[in-house]
Structure formats: structure tokens, C-alpha cells
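One structure is given here, and the rest of the page talks about it.
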Amino acid sequence: MNTTTLSPVGHAAPRSIWATRWQALIHHKPAAIALVVLLLLTVFCFSAPLYGALMGIDPNASDLFERYSEPTAKHVLGTDEIGRDVLLRLMYGGQISLAVGVLATLFGAVIGVAIGVLAGFVGGRTDAFLMRATDCMIALPLVPLLVVMAAIDLSKLGVPHDLAQSPMVSFWRIVIIISLVDWTTIARVVRAGTLTVRGQDYVLSARVSGGSGLYNILTHVLPNVATPIIVASTLTVSRVILLESTLSFLGVGVMPPTPTWGNMLNNAQELATTAPMLAVYPGLLIFMTVIAFNFLGDGLRVAFDPRSDH
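The sequence shown maps to residues 91 to 400 in the working numbering.
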């Protein structure tokens with residue numbers, strides 16, 4: 091007698107949770123479009139060295155004989171008030187603006203996660219103190235505080251003048267001061283998630299079994315609060331880019347001649363009648379980037395929400 095073994099038909103292998111979230115994200119049309127826009131902007135900005143080499147131009151090279159040049163084959167978007175190529179400076183400026191946004195968000199997230207986890211996991215007076223400190227930071231006017239911090243002359247603090255005015259120090263100064271004040275949202279989100287996880291049976295069992303606090307945080311708490319951290323960080327990037335642009339526009343951000351979208355706007359404010367497009371280009375790129383990060387953050391929130399129907 092023959093025995094036939096029937097194999098199940100039509101049963102696909104279950105998808106991982108990350109595959110499910112990815113599918114939910116790309117089916118969220120605004121987020122999918124935002125992701126494409128951000129990828130294109132990133133490629134656009136970081137292809138600046140290649141474009142400059144192909145066209146034989148330098149972002150900081152001026153030519154007073156080509157001031158306010160109309161768009162040409164060599165200068166696709168024309169030139170600015172001292173003859174510098176606008177397109178190439180937009181590309182290099184985008185590198186700075188995006189880098190500040192990502193790095194300041196990353197450093198701020200580290201601070202916020204540390205404070206939020208410590209407050210939520212330890213509790214008691216530690217929680218009360220850290221949350222009151224967070225509330226005080228939230229109550230401070232953010233932009234004036236950043237302006238005051240950015241206006242500090244590093245050369246008067248013992249830093250050599252040439253080093254204090256260097257583009258690298260100017261860049262990292264902005265990254266650090268923004269990250270030092272823009273961590274509060276992530277701290278509150280992480281604290282709320284930590285309070286929820288701390289009371290779960292598996293965490294209590296790990297404590298009873300002798301697991302250290304650090305072990306519980308790394309093994310049980312952080313993996314369970316990763317989702318809100320990712321969503322909050324994505325939304326924070328757009329705010330950081332706006333803050334950097336504001337500081338550069340006010341003249342206390344990344345110092346010229348290093349281009350950023352903010353200081354390009356600052357340079358163009360006096361040329362609104364003679365060369366309005368010099369303000370339109372960086373303003374449009376700032377607007378597109380901020381909106382794209384906001385839409386992407388909203389899409390991530392929906393995709394990572396366990397209550398949403400994927």
C-alpha cells in the first residue's frame with residue numbers, strides 16, 4: 091500500500107515584525123514619498139564633490155566678473171553676489187544641514203535615553219529630580235537659549251583664535267549645543283516606556299533571579315522602548331535642521347564661508363529685490379527636508395503602532 095504525504099499548500103512563511111513594519115511604511119503614501127525625497131536629497135547633497143570636479147568649480151571660489159550670473163551650462167542656478175556657484179553651494183550646504191540634523195539628534199537621543207531610562211527604572215527621588223530638571227529645560231525658550239550659547243566666544247575661553255574660528259569647530263559647536271538642549275522629548279518618551287516595562291513579570295523575574303539593573307535595562311528595557319525612540323528621533327531631525335537654519339540665519343551658526351542653507355538665507359536677505367532666487371533656493375530645500383522628515387516620522391509612528399491595521 092502506498093502512503094502519500096500531503097504537504098500544506100498556500101501557507102507562506104510568516105513575515106518578521108520588521109518586514110511587516112516595512113510593508114506598512116511603504117504603503118503609507120506620504121511617508122513613502124518622503125523617504126524617496128530624503129534619499130534623493132541625500133544623493134544630491136553628497137554628490138557635490140563629484141559635481142564640482144566635473145564642472146571644474148569650487149564652492150568658495152568667487153568671480154566678481156560673474157556676479158548675479160543667469161543660469162548657464164556651467165552655473166546651472168547662476169551665481170551669487172560675489173560670483174560663487176549657487177547650485178554647488180546648495181549641495182555643500184545641504185551636507186552641513188543634514189549632518190547637523192542627524193548628529194545633534196543622535197547625541198540628544200543618547201542624553202534623552204540615559205535620563206529617561208534612569209528616571210523610569212530607578213524611580214523615587216531620582217525620577218522626581220530628573221523629571222523636574224527636564225520640565226525646567228522644556229520651560230526655557232529654546233531659540234534664545236541656543237543663540238546665547240552659540241554667541242559665546244570660544245577664544246575668550248582659552249581656545250586659540252584660529253581654531254575657534256575654524257569650520258570644523260564651528261560645525262561641532264552647533265551640533266553640541268543643540269544636542270545639549272534638545273533631548274527632552276526623547277527623555278519623556280523613554281521614561282514612559284520604561285515605567286511600563288519595569289512592572290512586567292519578566293523584568294520582575296529577572297530581578298528576583300539576581301539580574302543587575304544594567305542587565306535588565308540592556309536586555310529588557312531598551313529593546314522595548316526602541317520603537318518610540320526611532321519615531322521621536324525622526325521627528326526631532328526636522329526640528330534640529332530648523333534650529334540650525336535659524337542660528338545660521340541669525341549669524342551665530344556655522345560660520346561663512348562654509349555654506350549652510352541657513353547662512354545662505356542670511357546672505358540673501360539683503361538681496362531680496364535684486365536676486366530673490368538666492369533666498370528661494372535654500373528656503374525651498376529647508377521646507378522640503380523638514381516636511382519630508384515630519385511625514386516620515388508620522389509614517390513610522392503608524393507602521394510601528396501595534397494597534398494599527400497593517
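Positions of the beta carbon are idealized from the N, C-alpha and C atoms, including for glycine. Predicted model, so just to flag it, every value in this text is computed and none were measured.
For this session: Assuming Ile267 and Ala296 form a contact by the criterion Cβ under 8 Å, report the distance between their Cβ atoms to the nearest whole angstrom.
Result: Not really, about 39 Å apart at Cβ, beyond 8 Å.
Problem set entry | Span separating the alpha-carbon of His400 from that of Val207 | At His400 the pLDDT is 49, less than 50, meaning the model places this residue with poor confidence and gives no usable figure here.
Problem set entry | For Ile331 and Asn356, the rounded distance between their alpha carbons | 15 Å
Exercise. In or out: Trp351 buried (at least 16 other Cβ within 10 Å) or exposed?
Worked result: buried
Exercise. Hey, Ile376 and Ser323: beta-carbon distance below 8 Å or not?
Worked result: no
Problem set entry | Cut-off 6 Å between Cβ atoms - residues of its own chain near Trp108, not counting five sequence neighbours on either side | none
For this session: My understanding is that Leu115 touches Ala362, with C-beta atoms under 8 Å, so please give their C-beta distance in whole angstroms.
Result: Incorrect: roughly 40 Å between the Cβ atoms, too far for contact.
For this session: Starting from Pro257, follow the alpha helix (DSSP H) in both directions and report where the run begins and ends.
Result: 257–271
Problem set entry | Pairwise C-alpha distance: Leu390 and Thr336 | 27 Å
Problem set entry | Per-residue DSSP class, three states only, for Asp148 | coil
Exercise. When you compare each of Lys164, Gly198, Ala209 to Ile319 by their alpha carbons, which one comes out closest?
Worked result: Gly198
Problem set entry | Proximity of Pro372 and Leu180 at Cβ, strictly below 8 Å | yes
Problem set entry | Selection from Gly173, Gly142, Val212, Ala143 that minimises the alpha carbon distance to Glu156 | Gly173
Exercise. Could you give the C-beta distance for Ser299 and Val380, rounded to a whole number, given that I count them as a contact under 8 Å?
Worked result: With 8 Å as the limit, Ser299 and Val380 do not qualify as a contact, their Cβ atoms being about 47 Å apart.
Exercise. Who pairs with Asp175 in a beta bridge, going by DSSP?
Worked result: Thr169
Problem set entry | For Val249, the first and last residue of its enclosing alpha helix (DSSP H) | Unbroken run through Val249: none, as it is neither H nor E.
Exercise. Leaving out five residues before and five after Ser269 in sequence, what residues of the same chain have Cβ atoms less than 7 Å from its Cβ?
Worked result: Ala194, Phe197, Gly198, Ile201
Problem set entry | Expected contact under 8 Å - CB spacing of Pro120 and Phe385 to nearest Å | 4 Å
For this session: Look up Pro161 in the DSSP assignment and say whether it is helix, strand or coil.
Result: coil
Problem set entry | Short Cβ contact (8 Å threshold) for Met354 with Gly210 | no
Problem set entry | Separation of Thr274 from Met227, as counted between CA atoms | 7 Å
For this session: Quick one: give me the first and last residue of the alpha helix (DSSP H) that Glu334 is part of.
Result: 312–339
For this session: Might you give, ordered along the chain, the residues of its own chain that have their beta carbon closer than 7 Å to the beta carbon of Leu125, omitting 5 neighbours on each side?
Result: Leu386
For this session: Could you check what DSSP says for Ala362 in three-state terms: helix, strand or coil?
Result: coil
Problem set entry | Which of helix, strand or coil DSSP assigns to Ala393 | helix
Exercise. How long is the line joining the alpha carbons of Tyr292 and Leu308, rounded to whole angstroms?
Worked result: 14 Å
Exercise. DSSP on Gly289, reduced to helix/strand/coil?
Worked result: coil
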